[in-house]
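Residue numbers for the sequence shown follow the numbering used here, so the first one is 211 and each next one is one higher.
Single-structure report; data block below.
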Amino acid sequence: KCGGIFSAMKIASTARNSNIDLMWGCMDESRISIAAGLHAAFACPNTKYIDLDGSLDLARDVVEGGFEISNGMMRTLNDPGLGLKRLI
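And the structure:
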(Lines of atoms letter the chains of each structure in order from A and count residues from 1; the text may use other names and numbers.)
(Lines give C-alpha, C1' and ligand atoms only; values in the text may rest on other atoms or scores of the structure.)
Protein backbone atom coordinates (compact mmCIF):
# COMPACT_ATOMS: atom_id res chain seq x y z
CA LYS A 1 0.00 0.00 0.00
CA CYS A 2 2.88 2.38 0.69
CA GLY A 3 5.66 1.02 -1.52
CA GLY A 4 7.16 -1.81 0.49
CA ILE A 5 8.83 -2.47 3.83
CA PHE A 6 11.43 0.31 3.54
CA SER A 7 8.75 2.92 2.84
CA ALA A 8 6.56 1.53 5.61
CA MET A 9 9.41 1.82 8.10
CA LYS A 10 10.03 5.44 7.07
CA ILE A 11 6.34 6.22 7.63
CA ALA A 12 6.45 4.38 10.97
CA SER A 13 9.46 6.43 12.06
CA THR A 14 7.76 9.69 11.12
CA ALA A 15 4.65 8.61 13.03
CA ARG A 16 6.70 7.65 16.08
CA ASN A 17 8.48 11.01 16.08
CA SER A 18 5.04 12.65 16.02
CA ASN A 19 3.66 10.42 18.83
CA ILE A 20 1.21 8.71 16.45
CA ASP A 21 0.28 5.05 16.93
CA LEU A 22 0.29 2.68 13.95
CA MET A 23 -2.28 0.35 12.46
CA TRP A 24 -0.86 -2.18 9.98
CA GLY A 25 -3.18 -3.53 7.28
CA CYS A 26 -2.97 -5.52 4.06
CA MET A 27 -4.71 -6.61 0.90
CA ASP A 28 -5.43 -10.25 0.00
CA GLU A 29 -1.89 -11.54 -0.44
CA SER A 30 0.41 -14.48 0.25
CA ARG A 31 1.74 -15.41 3.67
CA ILE A 32 5.10 -14.21 2.32
CA SER A 33 4.15 -10.54 2.46
CA ILE A 34 1.95 -11.02 5.54
CA ALA A 35 4.88 -12.51 7.48
CA ALA A 36 7.19 -9.70 6.34
CA GLY A 37 4.60 -7.09 7.33
CA LEU A 38 4.11 -8.73 10.71
CA HIS A 39 7.86 -8.61 11.41
CA ALA A 40 7.89 -4.93 10.42
CA ALA A 41 4.91 -4.21 12.67
CA PHE A 42 6.55 -5.93 15.64
CA ALA A 43 9.75 -3.94 15.01
CA CYS A 44 7.87 -0.66 15.58
CA PRO A 45 7.22 0.27 19.20
CA ASN A 46 4.31 2.51 18.21
CA THR A 47 2.32 -0.34 16.61
CA LYS A 48 -1.10 -0.43 18.24
CA TYR A 49 -3.28 -2.47 15.85
CA ILE A 50 -2.49 -5.24 13.37
CA ASP A 51 -4.94 -6.37 10.66
CA LEU A 52 -2.79 -8.70 8.57
CA ASP A 53 -5.22 -11.47 7.71
CA GLY A 54 -5.22 -11.19 3.91
CA SER A 55 -3.66 -14.61 3.35
CA LEU A 56 -6.63 -16.25 5.07
CA ASP A 57 -8.81 -15.26 2.08
CA LEU A 58 -6.68 -17.24 -0.39
CA ALA A 59 -7.89 -20.65 -1.54
CA ARG A 60 -4.27 -21.78 -1.83
CA ASP A 61 -0.90 -20.25 -0.96
CA VAL A 62 2.61 -21.03 -2.21
CA VAL A 63 4.04 -21.21 1.33
CA GLU A 64 3.05 -22.24 4.83
CA GLY A 65 4.19 -21.02 8.23
CA GLY A 66 5.47 -17.53 8.92
CA PHE A 67 3.05 -16.83 11.75
CA GLU A 68 0.39 -18.33 13.97
CA ILE A 69 -2.96 -16.95 15.05
CA SER A 70 -4.23 -17.92 18.49
CA ASN A 71 -7.09 -16.31 20.42
CA GLY A 72 -7.23 -13.53 17.85
CA MET A 73 -3.54 -12.65 18.25
CA MET A 74 -0.82 -13.05 15.62
CA ARG A 75 2.69 -14.08 16.51
CA THR A 76 5.80 -14.82 14.51
CA LEU A 77 7.46 -18.22 14.64
CA ASN A 78 10.94 -19.00 15.97
CA ASP A 79 12.02 -20.47 12.63
CA PRO A 80 14.85 -18.89 10.59
CA GLY A 81 14.07 -15.85 8.45
CA LEU A 82 10.36 -15.26 8.04
CA GLY A 83 9.65 -18.85 9.08
CA LEU A 84 8.14 -19.84 5.74
CA LYS A 85 8.21 -23.21 4.00
CA ARG A 86 7.62 -23.52 0.26
CA LEU A 87 4.65 -25.63 -0.81
CA ILE A 88 4.95 -25.43 -4.59
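By construction, the Cβ of each residue, glycine as well, lies at the ideal position given by its N, Cα and C atoms.
Candidates the options, of which the one nearest residue i by Cα
i: G291; options: F252, N256, A245; result: A245
i: L266; options: N227, T224, H249, C236; result: C236
i: G282; options: I260, V273, T224; result: I260
i: G275; options: R241, L268, T224; result: R241
i: N227; options: D289, P255, G247; result: P255
i: G264; options: T257, I230, L248, K258; result: L248
i: Y296; options: R270, S223, S280, I279; result: Here residue 296 is Arg; the residue named in the question, Tyr, does not match the sequence. Nearest option by C-alpha distance: R270.
i: L232; options: E239, L262, S243; result: L262
Segment limits, beta strand (DSSP E) that includes residue i
i: I279; result: 277-280
Residue i in three-state terms, based on DSSP
i: L292; result: coil
i: L232; result: strand
i: R285; result: strand
i: I242; result: helix
Enclosing alpha helix (DSSP H) for residue i [first to last residue]
i: K220; result: 215-227
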